[in-house]
Amino acid sequence: MRRLCHGRKRGGSTTLPHLTELTWREARTAGADAIALMPIGSQEQHGAHLPMGTDTLLVTAVVDRAAELLAGDGPPVVRLPALPYGHSPHHLFAAAVSLSASTMAAVLADVLRSLTESGFRRIMIVNGHGGNDEIMRLAVKEHALRAEGAFAACSYWSLGEAPENPGHAGRYETSLMLAAHPDLVRTPIEPHTPAGAPPLFAAPPHPGLTAERHGEWARVGGMTDDPSAARPDPGGLTIRATELARAIRAFAEATAPGAI
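FYI, the numbering for the sequence shown is 48 to 307, going by this note's numbering.
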């Protein structure tokens, strides 16, 4: 059988194998040594200038670029279709398609179980939406108690020695979208200054404290900072992809046969 796990050529460039395009036999064979990469995002308001699928689009771009960096000498990987829905009840004041925390946890548990029963022994969830982070990490921890294999989770902005704080619909996400999907950014981008004090969830009154207050997202207009200074930042995408590629390599090395 042809080996798909390291990518294949289309029009002169190497592409990442997608689970959607594999036969079941190819998927079974891939699962023996490939790492299944599962991007998860959201459908939610991102201000007046970014599309609802911003989180899904950005995490997919980072995952695909990381896979390109691994092509040739990296561990074999297979990308799952991105999960386009996340836990976004805090954005329903404007517009969102949100899964409850329990539904999100159940979906991730079902996908992880399905992949494991289909033969994959190493799985990494890569997240693009802050509201998914805790649920995703708990899903991986719980699955490892039930199933043979090694499982990992990360948010794309949190990796490396200098993790980013992406905020929401502000300069950071807008800069990455201008690099990855400039045609989907509505211009001109209007300045935005959140009214009143910074939102409690973004500026807790004591380090290490998680603090929430009803209505904060609506009060600040659904954005954490001003996007009007954003400029296309392909370098930022490359940094995030490079850190993810390093994380995938490290996960592969730590979980290789004989590593324990």
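We treat Cβ as the ideally placed atom computed from N, Cα and C, and that holds for glycine.
Starting from the C-beta of residue i, find all residues in its chain whose C-beta is less than 6 Å away, skip the five residues before and the five after it, and write them out in chain order.
{"i": "H137", "result": "W264"}
{"i": "H176", "result": "G88, S89, D102 and G133"}
{"i": "M151", "result": "H134 and I182"}
{"i": "S275", "result": "I236 and P238"}
{"i": "E211", "result": "W204"}
Enumerate in chain order the residues of its own chain whose CB-to-CB distance from residue i is below 8 Å, with the five nearest sequence positions on each side excluded.
{"i": "A194", "result": "L159, R160 and T163"}
{"i": "R233", "result": "A95, H96 and L97"}
{"i": "D280", "result": "S222, L223, L225 and A226"}
Identify, in the order they occur along the chain, each residue of the same chain with its Cβ nearer than 7 Å to the Cβ of residue i, setting aside the five sequence neighbours on each side.
{"i": "D310", "result": "Nothing can be reported for residue 310: it is not among the residues displayed for the chain, which extend from 48 to 307."}
{"i": "G59", "result": "Bear in mind that the predicted position of G59 carries a pLDDT of just 38, short of 50, making it unreliable; the figure below should be weighed with that in mind. Counting only Cβ-Cβ distances below 7 Å, and skipping sequence neighbours, we find nothing."}
{"i": "D180", "result": "N174 and S202"}
Could you check whether residue j and residue i sit closer than 8 Å to each other, using their CB atoms as the reference points?
{"i": "R171", "j": "A199", "result": "In the sequence as displayed, the identity of residue 171 is Met instead of Arg. Yes. Within cutoff."}
{"i": "L116", "j": "I87", "result": "no"}
{"i": "H134", "j": "G178", "result": "yes"}
{"i": "L33", "j": "A294", "result": "Outside the shown range of the chain (48 to 307) lies residue 33, about which nothing can therefore be said."}
{"i": "G305", "j": "G166", "result": "no"}
{"i": "S284", "j": "A108", "result": "The question names Ser, yet the displayed sequence has Leu at residue 284. Their beta carbons are under 8 Å apart, which means L284 touches A108 by this criterion."}
{"i": "L105", "j": "E220", "result": "yes"}
{"i": "A197", "j": "R169", "result": "yes"}
{"i": "A288", "j": "R112", "result": "yes"}
{"i": "R126", "j": "P213", "result": "no"}
{"i": "P246", "j": "T271", "result": "yes"}
{"i": "G269", "j": "Q92", "result": "yes"}
In or out: residue i buried (at least 16 other Cβ within 10 Å) or exposed?
{"i": "E192", "result": "Residue identity check: residue 192 is Leu in the sequence provided, not Glu. Exposed: under 16 other Cβ atoms inside 10 Å."}
{"i": "G94", "result": "buried"}
{"i": "F298", "result": "buried"}
{"i": "G255", "result": "exposed"}
{"i": "A303", "result": "exposed"}
{"i": "A114", "result": "buried"}
{"i": "A153", "result": "exposed"}
Per DSSP, which residues does residue i bridge with? Please list them.
{"i": "E91", "result": "A143"}
{"i": "I82", "result": "V124 and R169"}
{"i": "L97", "result": "H93"}
{"i": "A197", "result": "R169"}
{"i": "N174", "result": "I87 and S202"}
{"i": "G133", "result": "S145"}
Rounded to a whole number of angstroms, what is the C-alpha to C-alpha distance between residue i and residue j?
{"i": "I286", "j": "A277", "result": "17 Å"}
{"i": "V124", "j": "H190", "result": "20 Å"}
{"i": "E174", "j": "G243", "result": "The sequence shown places Asn at residue 174, not Glu. Near 30 Å, if we compare the C-alpha coordinates of G243 and N174."}
{"i": "L51", "j": "A83", "result": "Caution applies to L51, whose pLDDT of 48 falls short of 50 and renders its modelled position unreliable; the value that the coordinates give is listed next. Going by the C-alpha atoms only, they are around 13 Å apart."}
{"i": "R296", "j": "G121", "result": "7 Å"}
{"i": "P186", "j": "G119", "result": "According to the sequence provided, residue 186 is Ala. The question's Pro does not apply to it. C-alpha separation (whole angstroms): 31 Å."}
{"i": "S202", "j": "E208", "result": "14 Å"}
{"i": "E259", "j": "M99", "result": "23 Å"}
{"i": "W71", "j": "D80", "result": "15 Å"}
{"i": "H215", "j": "F248", "result": "12 Å"}
{"i": "A301", "j": "D157", "result": "25 Å"}
{"i": "T257", "j": "F140", "result": "21 Å"}
At a cut-off of 7 Å, would you count residue i as near the ligand GDP, judging by its Cβ distance to the nearest heavy atom?
{"i": "T67", "result": "Summarising the ligand content, the structure contains no ligands, and the ligand GDP is consequently not present."}
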